[in-house]
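There are 2 protein chains.
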Amino acid sequence: MDTYQALTAFAALSQPLRLEAFRLLIKAGPQGMAAGDIATALNAKANTTSQNLSHLAQAGLITSTRAGRSIIYRSNMDGLNALLRFMLEDCCGGAPEACAPVINMVAPCCGVTSNNSPKDLKS
Amino acid sequence: MDTYQALTAFAALSQPLRLEAFRLLIKAGPQGMAAGDIATALNAKANTTSQNLSHLAQAGLITSTRAGRSIIYRSNMDGLNALLRFMLEDCCGGAPEACAPVINMVAPCCGVTSNNSPKDLKS
DNA sequence: TCCATACTTCATGAAATAATGAATTGACGC
DNA sequence: GCGTCAATTCATTATTTCATGAAGTATGGA
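Sequences listed follow chains R and E, in order.
Residues in the first sequence are numbered from 1 upward in steps of one, following the numbering used here.
Residues in the second sequence are numbered from 1 upward in steps of one, following the numbering used here.
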């Protein structure tokens, strides 16, 4: 992920409706949600929601596929992953001793554990 | 971290100069950098840089302390950590099977390893 | 074919954001 | 105290972003 893509992703997540939509789609999981259901869930108008969803899609954070009359949106975990990696890139690459505490605090929420203390991270 | 704080942080990172400044400060590590040096490194004017740095500070992503005539800015790893947790909160809380692959791809860059396969994450 | 449903796209005006020059504050040396 | 350096704050202008209503596209059923 380059800087431009990261900027686009951060901009996409910096707007209330879009952030909520993204979180909603993560919670919805692989089955996703129809555009109309998203708008209903967020108490927003159809066209406003549509534009915001396309903003998230352009940022690579969600995907869309047509299913009959509906269009199903799904969170794109690869996009989220790329953004997380981008955020950690500098501390991992340039200052690993600063990065380790961050990742060690984040990881436990998903059942991931560390086998390294910060001192071990010289590479 | 609540939604408002997350929005502020994403907005702070959605602007080229601010994103670069933040990355620069992460690379700089605990010793930080003076405001003037940051402006020089980013080829930006002093006042523009100052305003952007205060934006990042308000978002909790960096801190500032005065040292003589200079003001030293440092990245705030706690702020970054909180933002990362916020981003993972929904998949960890609502859809852990979607979250695990993400964290497992991110973690290795900091020497953190997983002891769980996605199947294990029922909690 | 006609109509309704489900979304999207377009054009517009209002509001928020960003960069700039000028003025201001704070710290240091003389 | 005075001048200088380092940085911030202020006021202004240009640009971007956002939500809205109206119009357009695509799908499916009668």
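Virtual Cβ for every residue (Gly too), placed ideally from N, Cα, C.
Interface flag, residue i vs chain E, CB-CB below 9 angstroms
i      : result
T63(R) : no
M87(R) : yes
L53(R) : no
T49(R) : no
Q5(R)  : no
N81(R) : yes
R23(R) : yes
A95(R) : yes
M77(R) : yes
I72(R) : no
C-alpha gap between residue i and residue j, whole angstroms
i       : j      : result
E97(E)  : K45(E) : 47 angstroms
N104(E) : L17(R) : 29 angstroms
L25(R)  : S75(R) : 5 angstroms
G94(E)  : D37(E) : 44 angstroms
A6(E)   : G68(R) : 35 angstroms
P63(R)  : R23(E) : Reading off the sequence shown, one finds Thr at residue 63(R), where the question assumed Pro. Each residue's Cα considered, the two are about 28 angstroms apart.
S50(E)  : T48(R) : 34 angstroms
F86(R)  : L42(E) : 19 angstroms
C92(R)  : L56(E) : 21 angstroms
Y73(E)  : Q15(E) : 18 angstroms
L53(E)  : G32(E) : 13 angstroms
L84(R)  : L19(R) : 16 angstroms
Burial state of residue i, where buried means 16 or more other Cβ atoms lie within 10 Å
i       : result
Y4(E)   : exposed
S70(E)  : exposed
K122(R) : Low per-residue confidence applies at K122(R): pLDDT is 36, beneath 50, and the placement is therefore not dependable, though the value from the model is reported in the following sentence. With fewer than 16 other Cβ atoms within 10 Å, it is exposed.
R66(R)  : exposed
T40(E)  : exposed
D2(R)   : exposed
Cβ-Cβ distance between residue i and residue j below 9 angstroms
i       : j      : result
K27(E)  : D90(R) : yes
A12(E)  : Q58(E) : yes
V102(E) : L88(E) : yes
L61(R)  : A9(R)  : yes
Chain R within 9 angstroms of residue i, Cβ atoms only
i      : result
L56(E) : no
D90(E) : yes
G32(E) : no
M1(E)  : no
L42(E) : no
Start-end ranges of the alpha helix (DSSP H) lying completely within the region 33–71 of chain R, minimum 4 residues: Entirely contained in the region 33–71 of chain R, the alpha helix (DSSP H) runs reaching 4 residues are, in chain order, 35–41 and 46–58.
Could you pull out every unbroken beta strand (DSSP E) segment of at least 3 residues lying fully inside the region 82–108 of chain E, listed in chain order? Counting whole runs of 3 or more residues, the region 82–108 of chain E contains no beta strand (DSSP E) stretch at all.
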